[in-house]
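The structure under discussion appears below in the form of structure tokens.
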Amino acid sequence: MSAFLIFGVKTFAGNFLKKNKPDVEISCLEAPVDSTHLKIKPGKIWLDTDGDVINAHGGGILFHQGVYYWYGEKRGKRESLGINVYSSEDLINWKFENLALSHSSESGNPIEKGAIMERPKVIYNENTKQYVMYFHLELKGQGYGAAHRGVAVSDSPTGEFKLIKSGRVNAGEWPENMSEIERNATDKPEDYEWWTAPWRKAIEKGLFLRRDFENGQMSRDMTLYVDDDKIAYLIYSSEDNLTLHIAELTDDYLGYTGKYIRVIPGGHFEAPAVFKKGNRYFMVVSKATGWEPNAAVLLSSDSIMGEWRMVGDFAFGPDAETTFKSQSTFVLPVQGKQDSFIYMGDRWNPDNLKDSRYIWLPIQFTGETPFIVNYSEWDFDAFQD
């Protein structure tokens, strides 16, 4: 990010902070809020319309026929308990609808109890009239070694969704932006000592992608994006979380066309969240530091399958170095508000995942550059119609 642009963003953010009285100390986490509150209060306990704490972590939102549907991980203290779905017409008051995707009681089923289901995202296919869910799937007893994606479908936005496939991504396919020299290299992971300069260079050149070529690429933190032409894409952290991939989906959204790219090879990013303003694509990503939050990074491109570049910091103000103690999960376009978007993040609590909090903030722009600052509370007057 240029010095001029940094100065412009910081000046704009500073003025916005003074005018709108955002939270400069990070919101108090103890006191619950009423389920009919009129403002979004990042970091506070968020109740559904039944008075229960919303349990929808690492989630995403589908807007369909005038209703928002929020899909997220149902969590116990540590365990994965399936995928919940809530509905709302105002993004503030949420009704619990269903356990959209349940664990299976069948031994050996990819989503049997004990498997981990994370980062669910749902899109609607207008041709098949199906709701399609993708999620990060880790098999029972394998920790985070499987790095699979699961695909489930439903005829209703509230489910129940049925798993139709799982596994790794794009087996036997080369990314479009990988050279013939990189594809034909013969070095192996065991040739290098991890985290050394030669190893990092080899990662950038596709060391781990070649390792996983035959069996498919790893797929962990993920999101889905449907472009204006209705072509859908899976964006996921791959190659041991060292490189992001963007894969084009088939017309039914259930598989891959084989067309995909690597994004910022070796950048060590995860938690992608994609949105588009005008003709410009943006991606908010997190560095890979486990459950510990870090500074979000903004990427941009002129094409979803084009060359992505790093823009710079995405959060500004106190605690920006931890993105206000959150990690990105989704960017939501606000209906009826042109070029208005909400950053959705999770404030993870690894000691009690169910108690992880939601950090939703309005995305602001200086020129064409998006950024966020922190607020103890805010409402939709932050956006212009």
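Residues in the sequence shown are numbered from -18 upward in steps of one, following our numbering. The beta-carbon is built from N, C-alpha and C at its ideal position, and this holds for glycine as well. From a predicted model like this one, the values you see are computed outputs, not experimental measurements.
Proximal residues to residue i (C-beta, below 6 angstroms), its chain only, five neighbours per side dropped
i    : result
M114 : P101, V103, A133, F142
F322 : F256, V312, P314, I344
Y112 : V103, Y105, S135, P138
L43  : Y50, V103
A390 : The structure shown has nothing for residue 390, since the chain only spans -18 to 366.
L120 : A96, A127
S85  : I92, E93
Burial state of residue i (16 or more Cβ within 10 Å)
i    : result
Q198 : buried
G247 : buried
T231 : exposed
D360 : exposed
W341 : buried
L19  : exposed
R56  : buried
P331 : exposed
K306 : buried
D71  : exposed
K25  : buried
E107 : exposed
Separation of residue j from residue i, as counted between CA atoms
i    : j    : result
D320 : K258 : 6 angstroms
E54  : W155 : 32 angstroms
T303 : S309 : 11 angstroms
G131 : A96  : 11 angstroms
Y214 : I285 : 9 angstroms
E99  : V265 : 18 angstroms
T30  : Y67  : 10 angstroms
Y241 : L225 : 10 angstroms
E229 : Y217 : 12 angstroms
H38  : S337 : 7 angstroms
N79  : K182 : 46 angstroms
I21  : M159 : 43 angstroms
G378 : N165 : Shown here, the chain extends from -18 to 366; a query on residue 378 therefore has no answer.
L279 : R261 : 13 angstroms
P91  : G122 : 11 angstroms
A277 : L235 : 30 angstroms
W329 : E349 : 30 angstroms
G32  : T109 : 36 angstroms
T347 : D294 : 13 angstroms
S83  : E93  : 9 angstroms
G126 : D193 : 13 angstroms
V34  : L62  : 15 angstroms
S357 : P274 : 18 angstroms
E157 : G287 : 10 angstroms
D362 : F77  : 26 angstroms
G239 : S147 : 16 angstroms
R59  : I145 : 26 angstroms
D327 : N333 : 13 angstroms
H45  : K186 : 41 angstroms
S8   : L28  : Because S8 carries a pLDDT of 32, less than 50, the predicted location of this residue cannot be relied on, and the following value inherits that uncertainty. About 16 angstroms.
L118 : P23  : 28 angstroms
G124 : Y339 : 25 angstroms
Spatial neighbours of residue i in its chain, beta-carbon cut-off 8 angstroms, leaving aside the 5 residues before and after
i    : result
F364 : V315, K318, S321, P343
A254 : T204, M264, V265, V266, S309, T310, F311, V312, Y324, M325
F116 : I64, L82, M98, E99, R100, P101, K102, R130, G131, A133, M203
Close-in-space but distant-in-sequence residues of the same chain around residue i (CB under 7 angstroms, 5 per side omitted)
i    : result
A152 : E195, N196, G197
N36  : K55, R56, N65, K335
E87  : E93
G89  : none
Beta-carbon proximity check, residue i vs residue j, cutoff 8 angstroms
i    : j    : result
G41  : T204 : yes
Y52  : S69  : no
S282 : W289 : yes
N222 : R201 : yes
A291 : I245 : The sequence as given places Met at residue 291; Ala does not occur at that position. Yes, they are a contact pair.
I184 : E220 : yes
Y206 : V150 : no
W180 : E174 : yes
L188 : D168 : yes
Query - the stretch 204 to 211 in contact with the stretch 127 to 147 per 3-pair CB rule at 8 angstroms - result: The count of Cβ pairs closer than 8 angstroms, one atom from the stretch 204 to 211 and one from the stretch 127 to 147, stays below three, leaving the stretches out of contact.
Query raised in the report: Quick one: any contact between the stretch 298 to 305 and the stretch 350 to 359, if contact means 3 or more CB pairs under 8 angstroms?
Result: Between the stretch 298 to 305 and the stretch 350 to 359, the count of Cβ pairs shorter than 8 angstroms is three or higher; the stretches touch.
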